Structures are given as structure tokens and as C-alpha cells.
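K.L.:
Have a look at the structure that comes next, please.
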Amino acid sequence: MKKTASARRPQGVVRYPARLNRRASTGAIGCARVQSTARDRGYRRVMPGPVRVRTLRPDDWRTARSVRLAALTDAPLAFASSLDRERAKGEADWREMLTPERGVRALAECDGAVAGVIGVFSRGDDGEIIWMWVDPAFRGQGVGDALVAYALDWCWSRGLGCHLWVADGNDVAWRFYERLGFVATGERQPLPNDGARMESQMRYVGSQDLHP
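Quick note on my numbering: the sequence shown kicks off at 10 and runs consecutively.
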């Protein structure tokens, strides 16, 4: 179902749905600082702190390439591509990929170190999350929550819903997205890079639980 567009996110602020991270009530999400008294339609506002999520631009192509190769090295079966395929891409390919036509890729940084990456783009009146990966050194610190919040905010600011695909057997990712408010839709398809394996669609429904 198409969501009503929300106000655009202020520069440097990531908004978290109240149920997106239950640790928000403690005043800290991972290594980010939380202004726990600021509320906006069920969101907690995370002020700029050690975790920074920023949009990757065409000039960031070297960073995008590096983190993409790191993700595929760490989890070669989790993405709709392969390490060899991504290594073969040249500068022009990466720059084109980072051109904000229908979507964005965003980078999470902790104290200047790359902590994770996410992509989100539009498919008609829906948004799809891709490229989601958190460096193992930063897992369990709220980085994944910050990246998903960034992607959801991008979708909602454009009046889009949000879905993603999880490969069969990736139980860690499945539980992670369930915790954030995603549910299975029952739709399945072969993995783009391995037709012998299947993946399942999940859709974000947590916004329905946000109070006005």
C-alpha cells in the first residue's frame, strides 16, 4: 500500500521509527547519540554522532567499489552479483551506478571508518532495499538499524512503500528484518545470480504501528 509522503529529513538527521530499535529507550543506539526527548509522529531523532549515514555520489565510486567488494568477500551468496563481476566493472560503471536516477546508495561510517552500506531504489510506487551489508567489526552496534532507517526515510519522503528480498538460508538477515518490522509476503523468486536457489520477499509494515 502506498504510504503518505512525510516531510523531508533535515540534513544530518536520521529518524528512527519508535519500534525500529527498542534500545532507543536507553538513550543510545549503537555508537550514536540519541536525543530521547525529541518526538515526531512516533520517531526518535538521532542527532549527528559517531555513526554517520551519508549518500554516496559519483565521485565516491572508489569507496563504493571497495565496500561492495568487501561485502561480496564476506558474504558471497547474499547478493545478486558476484565478486568477479563487480571487480570487472570500471570507473564509468561505478559512477553510473551512483547517479541518483531512481535511487541512492548510502554509507554508514563510525569515527571515519566504513561500517556498512545500503541501497534503495524505486520500482513504480514501491521502494526496494538492496546492497544491505554491515562490516562484521560493527555488527550488533545499531549500524544496520541506522542504514534501514535511512532507506525507509528515503522511501517515505517519496510516498513509497518498502520491500526487500532475503535468500533462503540467511536466517540472521531474516530475523534482523523481522525485528525491524518487516514481514514475509509469500512471494518467492530464484536468486538473480543463482537460479538453483530461492529468495523470499519481505515488506515493511512497522509504520502502521507508529502513533500520530
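Heads up, the beta-carbon is just placed ideally off N, CA and C, and yes, glycines get one too. Predicted model only: the values in this text are computed from it and were never measured.
Going straight from the alpha carbon of VAL60 to that of THR194, what length do you get?
P.N.:
Taking the straight line joining both Cα atoms gives about 32 Å.
K.L.:
Here's a check: name, in chain order, each residue in its chain whose Cβ is nearer than 7 Å to the Cβ of VAL175, leaving out the five neighbours to either side.
P.N.:
So the list reads ALA182, TRP183, TYR186, GLU208, SER209, MET211, once near-sequence residues are dropped.
K.L.:
For ALA124, does the three-state DSSP call read helix, strand or coil?
P.N.:
Three-state result, ALA124: strand.
K.L.:
Judging by CA-CA distance, which residue of ASN202, ASP180, ARG74 is the nearest neighbour of GLU105?
P.N.:
Comparing Cα-Cα distances from GLU105 to each of ASN202, ASP180, ARG74, the minimum goes to ARG74.
K.L.:
Excluding the 5 residues flanking ASP120 on each side, which residues of the same chain have their C-beta closer than 7 Å to its C-beta?
P.N.:
PRO59, listed in sequence order.
K.L.:
Report yes if the CB atom of ALA89 is closer than 7 Å to the CB atom of PRO199, and no otherwise.
P.N.:
Not closer than 7 Å, so no.
K.L.:
Measuring only the C-alpha atoms, how far is ARG96 from ALA158?
P.N.:
Straight-line Cα distance between these residues: approximately 29 Å.
K.L.:
With hydrogens ignored, establish whether the beta-carbon of ARG74 is closer than 6 Å to any heavy atom of the ligand NAP.
P.N.:
The model on display carries no ligand, and the ligand NAP is accordingly not part of it.
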